[in-house]
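Structure record follows, encoded as structure tokens.
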Amino acid sequence: MSYVVQKDFTTVPNFLASEHMIQKTRQATTEMSNLTENNKQFIKGGTIYPSNDANAEGIVFESVDVTNGNTPISVIVAGRIYKNRLHTAPTEEAMTAMKDITFIDAPAMERSY
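For the sequence shown, the working numbering assigns the number 91 to the initial residue and increments by one for each residue that follows.
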């Protein structure tokens with residue numbers, strides 16, 4: 091007997107400006123959820139962790155399901171990030187608090203078709 095589950099997620103544009111980064115494991119809570127899909131709660135990749143203020147430590151690397159409570163997540167604490175592609179636009183306080191992350195604007199992309 092097979093068991094098939096379909097999972098649908100919204101896509102997040104690539105916000106990494108470089109493959110060189112440092113990630114740390116942090117704890118995510120249901121209260122931090124900023125996206126609900128299919129009756130499930132998620133923290134979307136590109137969200138400022140834990141809050142978008144002077145307490146900011148980093149950026150959530152990939153979307154994570156927190157429906158069932160606290161879960162470990164990967165948080166980028168150092169690297170180069172396209173700030174205009176993040177799920178949550180970082181405040182000036184947050185960018186100052188994340189000293190080891192360099193924020194740059196993503197170049198405009200045009201398709202030939």
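All C-beta atoms, glycine included, are put in the ideal place defined by N, C-alpha and C.
Note that the structure is a prediction, hence the values are computed from the model and not measured.
9 Å or more divides the Cβ of HIS110 from the Cβ of GLY136. Taking a C-beta distance under 9 Å as the contact criterion, PHE151 and ILE138 do not qualify as a contact pair. Bounds of the beta strand (DSSP E) holding MET111 are 106-118. Looking from the CA of MET199, the closest CA among GLN117, ASN174, ALA146 belongs to ASN174. The DSSP-derived three-state label of LYS189 is coil.
Rounded to the nearest angstrom, the Cβ distance from ILE171 to LEU106 is 7 Å, consistent with a contact under 8 Å. Checking the DSSP bridge columns, you'll see ALA168 partnered with ILE112. When secondary structure is reduced to three states using DSSP, GLU152 falls in the coil class, being assigned neither helix nor strand. Around the C-beta of LYS134, 16 or more other C-beta atoms lie within 10 Å, and the residue is accordingly described as buried.
Close CB contacts of ILE191 within its chain, under the 8 Å cut and outside five residues either way in sequence, are with GLY148, ILE149, ILE166, VAL167, ALA168, GLY169, ARG170, ILE171, MET185 (chain order).
Nearest Cα to SER141 within the set SER123, VAL156, LYS130: SER123.
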